[in-house]
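Those sequence lines, one after another, are chains A and B. Numbered per my numbering, the first sequence spans residues 64 to 284. Numbered per my numbering, the second sequence spans residues 64 to 284. Presented below is the structure to which this report refers.
There are 2 protein chains.
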Amino acid sequence: MTKKIPVVEKILGANETLAEKNRAVLDEHGVYAINLMASPGAGKTSLIEQTLPKLAERYRIAVIDGDIATSIDADRAAEAGADIAVQVNTGGNCHLDAVMLQKGMEEIDFTKINLLLVENVGNLVCPANFVLGTHKSVLVASVPEGDDKPYKYPGMYRGVDALIINKIDLLPYIPFKMDYFRKGVEVLNAELVTFPISCATGEGVDEWVNWIIAEVEANKK
Amino acid sequence: MTKKIPVVEKILGANETLAEKNRAVLDEHGVYAINLMASPGAGKTSLIEQTLPKLAERYRIAVIDGDIATSIDADRAAEAGADIAVQVNTGGNCHLDAVMLQKGMEEIDFTKINLLLVENVGNLVCPANFVLGTHKSVLVASVPEGDDKPYKYPGMYRGVDALIINKIDLLPYIPFKMDYFRKGVEVLNAELVTFPISCATGEGVDEWVNWIIAEVEANKK
Numbered sequence: 064m065t066k067k068i069p070v071v072e073k074i075l076g077a078n079e080t081l082a083e084k085n086r087a088v089l090d091e092h093g094v095y096a097i098n099l100m101a102s103p104g105a106g107k108t109s110l111i112e113q114t115l116p117k118l119a120e121r122y123r124i125a126v127i128d129g130d131i132a133t134s135i136d137a138d139r140a141a142e143a144g145a146d147i148a149v150q151v152n153t154g155g156n157c158h159l160d161a162v163m164l165q166k167g168m169e170e171i172d173f174t175k176i177n178l179l180l181v182e183n184v185g186n187l188v189c190p191a192n193f194v195l196g197t198h199k200s201v202l203v204a205s206v207p208e209g210d211d212k213p214y215k216y217p218g219m220y221r222g223v224d225a226l227i228i229n230k231i232d233l234l235p236y237i238p239f240k241m242d243y244f245r246k247g248v249e250v251l252n253a254e255l256v257t258f259p260i261s262c263a264t265g266e267g268v269d270e271w272v273n274w275i276i277a278e279v280e281a282n283k284k
Numbered sequence: 064m065t066k067k068i069p070v071v072e073k074i075l076g077a078n079e080t081l082a083e084k085n086r087a088v089l090d091e092h093g094v095y096a097i098n099l100m101a102s103p104g105a106g107k108t109s110l111i112e113q114t115l116p117k118l119a120e121r122y123r124i125a126v127i128d129g130d131i132a133t134s135i136d137a138d139r140a141a142e143a144g145a146d147i148a149v150q151v152n153t154g155g156n157c158h159l160d161a162v163m164l165q166k167g168m169e170e171i172d173f174t175k176i177n178l179l180l181v182e183n184v185g186n187l188v189c190p191a192n193f194v195l196g197t198h199k200s201v202l203v204a205s206v207p208e209g210d211d212k213p214y215k216y217p218g219m220y221r222g223v224d225a226l227i228i229n230k231i232d233l234l235p236y237i238p239f240k241m242d243y244f245r246k247g248v249e250v251l252n253a254e255l256v257t258f259p260i261s262c263a264t265g266e267g268v269d270e271w272v273n274w275i276i277a278e279v280e281a282n283k284k
């Protein structure tokens, strides 16, 4: 008698299942979505403020901002030209999850949108553990945080598709060893595309914006 | 017939119970302990490096460093003169809890120590939810993080006993409105004692060190 071998497919957890549903909604409407993650104050909102005007003629853009409290970030995104900005307050939660993104997405008419920027809660640990259904994850690092962060927060650096190194205008005032930082990144994520930028001066922002355009156009095909 | 009214005392969770045990060990040996919390890169380790030499003649000091990975911070504390430095790697966890502190404390001979500095995982959300058994909690904020952080991370700012505002040497290069920042703090925590400092230049460190001395001495009585 042959023993029956049960074959168990990968069971997705609740968050992964809902993330797939979010992705399906986005893809149905041809909307490309990016999940922006960072420490508190690394410059996610400033990056969005720099990015929106440079894409305004080309795309219609929605922003979903995750924060424990306030609508400061969504207000700034709206001010900077987002076609719609939605604030999700997590009520103490330290990250966005697929449920929260879904709630935010319900406020958006995706027939009128090409691009969705999601600004996660400022946290270099927990957001990396919750997929949302976005197409790419981008980490915003910043010079004042120090050059040892890839070594100390490997989970976050390992899991992202692109890396912004923000606040390079402060390099003259801070002992930040770029080689040491990049070496730490390379060990974790050798293929990571990297954009050194300054949201204060605008330096390097065009390269990042061109990457988004290439991503959005490739997603259309 | 009188209805029976059940009286349920406050039930401590597992973490609170263990935190009380940690405190009992500290108090038994007359050791005063501080829990340092902050965003990644706000300067907790730099603050410890500035603090240890100024207290070296007066106290024998242990440091317990919490990080997801590496022993970079404990190495720096040892280099700066800690009598003993213990690195606790959280294995992906985004905060220290009372169990992890207990494990770290087991490595220390408290008969030879007066002061314990605990450096929590860099995170402006989760560590605020886990008491450790230390006597005071101190938040290290930093100028490059931006002046809106008290508004966006109220749980952390509400729960601490003292606030360091680090990297004030960068104020000339960053649009940080100190009044706006302080107003946000005051709403949440009106009595909070605050120390503007620069770990790069040493400015303001003496006031912070004098506060520690006053706390340790008051705890002896």
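All residues carry an ideal CB built from backbone N, CA and C; glycine is no exception. Keep in mind it's a predicted model, so treat the numbers as computed, not measured.
{"query": "The segment 217-237 of chain B touching the segment 248-259 of chain A, judged by at least three CB pairs closer than 8 Å", "result": "no"}
{"query": "Chain B contact residues for Lys230 (chain A), given Cβ-Cβ distances below 8 Å", "result": "Pro207"}
{"query": "Residue environment, Lys215 (chain B), which counts as buried when at least 16 other CB atoms sit within 10 Å", "result": "buried"}
{"query": "Where Leu164 (chain A) falls: helix, strand or coil (DSSP)", "result": "helix"}
{"query": "Residue closest to Asn104 (chain B), alpha-carbon to alpha-carbon, out of A:Glu266, A:Ile237 and A:Thr257", "result": "Checking the displayed sequence, the identity of residue 104 (chain B) turns out to be Gly instead of Asn. Taking only the C-alpha atoms, the option nearest Gly104 (chain B) is A:Ile237."}
{"query": "Cβ pair Val268 (chain A), Gln113 (chain A) closer than 8 Å", "result": "yes"}
{"query": "Contact list for the segment 216-227 of chain A against chain B, Cβ threshold 7 Å", "result": "Tyr216, Pro217 and Gly218"}
{"query": "Whether Val181 (chain B) touches Ala101 (chain B) by CB criterion (8 Å)", "result": "no"}
{"query": "C-alpha gap between Asn273 (chain A) and Tyr95 (chain A), whole angstroms", "result": "14 Å"}
{"query": "Contacts of Tyr243 (chain B) in chain A (Cβ-Cβ under 7 Å)", "result": "The contacting residues do not exist; Tyr243 (chain B) stays about 11 Å from chain A at best."}
{"query": "Helix, strand or coil at Asp90 (chain B) according to DSSP, with G and I counted as helix", "result": "helix"}
{"query": "Chain-ordered chain B contacts of Gly185 (chain A) [CB-CB under 9 Å]", "result": "Ser102, Leu187, Val188, Glu208, Lys212, Lys215 and Tyr216"}
{"query": "Where Lys240 (chain A) falls: helix, strand or coil (DSSP)", "result": "coil"}
{"query": "CB contact below 8 Å: Lys257 (chain A) versus chain B", "result": "The sequence shown places Thr at residue 257 (chain A), not Lys. Not an interface residue."}
{"query": "The segment 135-153 of chain A touching the segment 80-96 of chain B, judged by at least three CB pairs closer than 8 Å", "result": "no"}
{"query": "Sequence-distant residues of the same chain with beta carbon closer than 8 Å to Val279 (chain B), five excluded per side", "result": "Tyr95, Tyr122, Asn177 and Leu178"}
{"query": "Residue interval of the beta strand (DSSP E) (run including Thr257 (chain A))", "result": "Val256 to Pro259"}
{"query": "CB contact flag (Ala132 (chain A), Asn152 (chain A), <8 Å)", "result": "yes"}
{"query": "Other residues of its chain near Leu164 (chain B): CB distance less than 7 Å, five sequence neighbours each side excluded", "result": "Asn85, Ile127, Val181, Leu195 and Gly196"}
{"query": "Inter-residue spacing [alpha-carbon to alpha-carbon] between Phe193 (chain B) and Glu169 (chain B)", "result": "19 Å"}
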